[in-house]
Each structure stands twice: as C-alpha cells, then as structure tokens.
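Below is one structure, written out as structure tokens, with a few remarks after it.
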Amino acid sequence: MSIQESVFKLTSEILKHEKRQEIYELISKMRISKTEENQVDIDHSQLWYFAHQENIQFLGLLILNEKAGSISLNSNGIVMNKLSNHDLKIIESWYRTTIYILEYFTELLNPYGNIFENLSNPYYQYKKPNLITNSEIISFSDQIIKNIRAELENHPTCLLLKNISQKFKKEIEQISISLPQAVLKIENDIHRASITSTNREIFDLQITQNLTDLAFSDKTVAILIFAIINWRSTMRIISQLIFQATYQNKLPQIGNSNITKIHNHHSTNIGKVLTCSIQPTAEEISTKPGDIIYYNIDEETYKFKGIAKICNFTFKMSQEEGTIMKFGLRLIDDHLNYFENL
C-alpha cells in the first residue's frame, strides 16, 4: 500500500468520525458572509478567508483569531470577529490532533538529528499559538496511523536523509545553524517560481549563497536541502488532506466533464506539472493555491489521474465561453510528494 492510499484511509475515517460534524458545520458557517439573504449570527467569513489564504490549515485560523477583534487586518479597515470559546475549542482540538499525528511521523527522523525532525514539521517557521481551551486530541485508528508511519519509514526521502546523516554527521552539525534558513529560503523560492519553467540549477547556486559555512561538497548539501524540502512537502500534503477532509465530503474534481483545454502536461527537473482550463459546473471547485484536487482525464491524447496541488489560478468571463478557470497544478505522486524530481 502506498503512502497516498494509507493517508486516504485516514481521511475516510475522518469523514465518518463523530467529531467531524461539528467542525464541518463550523467551517461551513464561517465561509458564509453575512448579507440580507444570509443572516448568520456573527460574520467570520473574513477570518476564514484570510486564514485560508495563509495555507497553514487550523494554525492559520488560530493565529488570526488571536489578532481578530482588536486590529484591522486588511486595507479596507474591516475588523475580524473573534471566535467564541465554543468554536475556538473545536478548532484547537483539530489543530492539536493534526500536530499529534504529524509529530508521530516526524519522530522518524529524530535518530538522525533534531534539526531534521524539527525542519520536517511544516509549521516549523511559525510561532505556536496560545491554546486557551481544554480541547482534546481526537482519536483515530491506531492501526491506520501506524500503517502511514510504516510507509513513511520506507519513503525514499526518509531513507536518503538517514544515509546522509550517517555519512556526514559532523558536517551537518557544522551547518546546523544556517541550514534551517537556507531550507526555508530555497523552499519559498521554489514555491514562488513558475511551475513550468523552474530551473533547479538556480536553486543549486542559491544554496551555496545561503550556506556560507559549507562543511562538505556543494552537491551533497544540495541533496540534503532538497531532501528536507521533499519531506516537508509530504508532511504538508498530509496536513492539508486532513484539513480538507473536515469540511469537504470529497476532493474537488476536474476531468472530462469540465476540462476545456490542456495547455501543458510535462515533467520539469522539480516535478510533474499540469496546466489546464475548465468550465465550472454546479459542483464546487476549489480555487485557492495550496488546496488539493483530484484529476481524472481520459482522452485520446491524455490519460492520467491522481491528485494535485493548486499552485496558481486565474479566471475570465466571456459571452462566447462563459466562465473559464485556468489552473496551474503540481502533480502529487504516491509518496505524497510534488517535488519528486528534486
């Protein structure tokens, strides 16, 4: 069984869990703006919108909720409403649960150095929120969680990090101070680069510029940094799939029924990408970069299916074609990695 299949077993359990209904109802309510037609008690749509844009799941909601109600968080001067303690407890519970699961997985790298374990947490660079309620960690099947961890232990990146750490233990210790900054800088630059024209050589050069205290070969350091970025991408996808399972009954889908044109489908030296245009149907399609969608394309020229991360999105309207959405996607492999060629 692949990591992807194992994680989907977890998300399937989330969909059926007794605790899921309350978070589903809460997020559904938060996504609605208060209007004459929609008379919600308190409008939390601004909080949801800006937290969702942060792309750090429940953590984004908690961080912005700490600031809500006191300062304006956008150019229009709109002050966001704080969550009630009841709603905050629900969010904190799912945040605690996500962290608990992720830490169980990132512990795999602990024997190879704290720096690896810490950096593998997708929330590493963010300040921990102040948890103020007596929220609980939600229980899921131990066997499902253990199966995911077992698959992760055989993850090619995990095995690579194990090998590098054993061969270059002293050298890694010498760059431990500057390594986190270099990883986050290169990772951010990769995310910001065009998905169709990413040139890995640029990032190889940036590594030598960001790590002034190189203790071993530039090539080995590059492999190390790209391996950490790979592992972080897998952890990020796991946390995102958990998050989406709490408010989506299934992943948004694109395929023969709504795709109007495939612009690009190829492999770069970072990973596989797909750019396509769709004409939306009545079914909701996520348009936020960072969200995961399912694609199933069965045409004469293209036949492929799987999951992908939205990297960019644009839309246009015309009288001839109606509304057309254009997506730039990074395809995710069975190891839940969208940087598979790094």
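Add 11 to a position in the sequence shown, counting from 1, and you land on the number used in this note's numbering. Yeah, the Cβ is synthetic: ideal placement off N, Cα and C, and Gly gets one too. Here the structure is a predicted model, which is why all the values come from computation and not from measurement.
**Report entry** Three-state class that DSSP yields for G124 in the structure shown
**Finding:** Here residue 124 corresponds to residue number 113 of the sequence shown, with the count starting at 1. Residue state, collapsed to three classes: coil.
Query raised in the report: How many Å lie between N348 and E65 at the Cα?
Result: Counted from its first residue, the sequence shown places residue 348 at position 337. Counted from its first residue, the sequence shown places residue 65 at position 54. Roughly 20 angstroms between the two C-alpha positions.
Requested in this report: Could you check the C-alpha separation between A238 and I248 for me, to the nearest Å?
Outcome: Sequence index remark: in the sequence shown, residue 238 carries index 227 (1-based). Sequence index remark: in the sequence shown, residue 248 carries index 237 (1-based). If I take the Cα positions, the gap works out to 16 angstroms.
Query raised in the report: From K327 to H274, what does the alpha carbon distance come to, in whole angstroms?
Result: Start at 1 with the first residue of the sequence shown, and residue 327 comes out as number 316. Start at 1 with the first residue of the sequence shown, and residue 274 comes out as number 263. K327 and H274: Cα-Cα distance of roughly 16 angstroms.
**Report entry** Where the alpha helix (DSSP H) through H97 begins and ends
**Finding:** Mapped onto the sequence shown, residue 97 falls at position 86. 96-117 is the extent of the alpha helix (DSSP H) around H97.
Query raised in the report: Would you call the CB atoms of K299 and H63 closer than 8 angstroms?
Result: On the sequence shown, residue 299 is found 288 positions in, with the first residue counted as 1. On the sequence shown, residue 63 is found 52 positions in, with the first residue counted as 1. Contact: yes.
Report task. Indicate whether N241 and F127 have their beta-carbon atoms separated by less than 8 angstroms. Result -> Walking along the sequence shown from the start, residue 241 turns up at place 230. Walking along the sequence shown from the start, residue 127 turns up at place 116. Not in contact: N241 and F127 (Cβ atoms no closer than 8 angstroms).
Query raised in the report: Is it buried or exposed for G333, if we count other Cβ within 10 angstroms and need 16 for buried?
Result: Locating residue 333 in the sequence shown gives position 322, counting from the first residue. That one is exposed.
Report task. Kindly confirm or deny that the region 179-199 and the region 114-131 touch, where touching means at least three C-beta pairs closer than 8 angstroms. Result -> yes
Query raised in the report: Buried or exposed: T312, going by 16 or more other Cβ atoms within 10 Å of its Cβ?
Result: As a working mapping, residue 312 is identified with position 301 in the sequence shown. T312 should be labelled exposed.
Requested in this report: May I have the straight-line CA-CA distance separating W59 from S150, to the nearest angstrom?
Outcome: Locating residue 59 in the sequence shown gives position 48, counting from the first residue. Locating residue 150 in the sequence shown gives position 139, counting from the first residue. Going from the Cα of W59 to the Cα of S150 covers about 26 angstroms.
**Report entry** Opposing strand residues paired with I343 [DSSP bridges]
**Finding:** Taking the sequence shown and counting its residues from 1, one reaches residue 343 at position 332. Beta-bridge pairing links I343 to I318.
**Report entry** Contact under 8 angstroms by Cβ, L342 with L285
**Finding:** Residue numbering aside, residue 342 sits at position 331 when the sequence shown is read from its first letter. Residue numbering aside, residue 285 sits at position 274 when the sequence shown is read from its first letter. Yes, these two residues count as a Cβ contact at 8 angstroms.
Query raised in the report: At which residues does the beta strand (DSSP E) containing L262 begin and terminate?
Result: Numbered from 1 along the sequence shown, position 251 holds the residue referred to as residue 262. Per DSSP, L262 belongs to no beta strand (DSSP E) and is neither H nor E.
Query raised in the report: Helix, strand or coil: how does DSSP classify S268 here?
Result: Along the sequence shown, one-based indexing puts residue 268 at 257. Reduced to three states, the DSSP call for S268 is coil.
**Report entry** Backbone secondary structure at L26 - three-state DSSP
**Finding:** Residue numbering aside, residue 26 sits at position 15 when the sequence shown is read from its first letter. Of the three classes helix, strand and coil, the one that applies to L26 here is helix, per DSSP.
Query raised in the report: Which term fits N76, buried or exposed, when burial requires 16 or more other beta carbons within 10 angstroms of its beta carbon?
Result: Here residue 76 refers to the residue found at position 65 when the sequence shown is read from its first residue. Flag for N76 reads buried.
Query raised in the report: Any chance the region 90-97 sits against the region 114-127, with 3 or more Cβ pairs inside 8 angstroms?
Result: no
Query raised in the report: How about Q68 and F324: do their beta carbons lie closer than 8 angstroms?
Result: By one-based count along the sequence shown, residue 68 stands at place 57. By one-based count along the sequence shown, residue 324 stands at place 313. Not a contact, by the Cβ cut-off of 8 angstroms.
**Report entry** Straight-line Cα distance separating I188 from L235
**Finding:** Reading the sequence shown from its first residue, position 224 is the one you call residue 235. Reading the sequence shown from its first residue, position 177 is the one you call residue 188. Approximately 15 angstroms between the Cα atoms of the pair.
Query - Straight-line Cα distance separating T22 from T257 - result: Locating residue 257 in the sequence shown gives position 246, where the first residue counts as 1. Locating residue 22 in the sequence shown gives position 11, where the first residue counts as 1. In a straight line, the C-alpha of T257 is about 9 angstroms away from that of T22.
Report task. Compare the Cα-Cα distances from K230 to each of T279, F179, F338 and report the closest residue. Result -> Within the sequence shown, the letter at position 219 stands for residue 230. The candidate whose alpha carbon is nearest that of K230 is F179.
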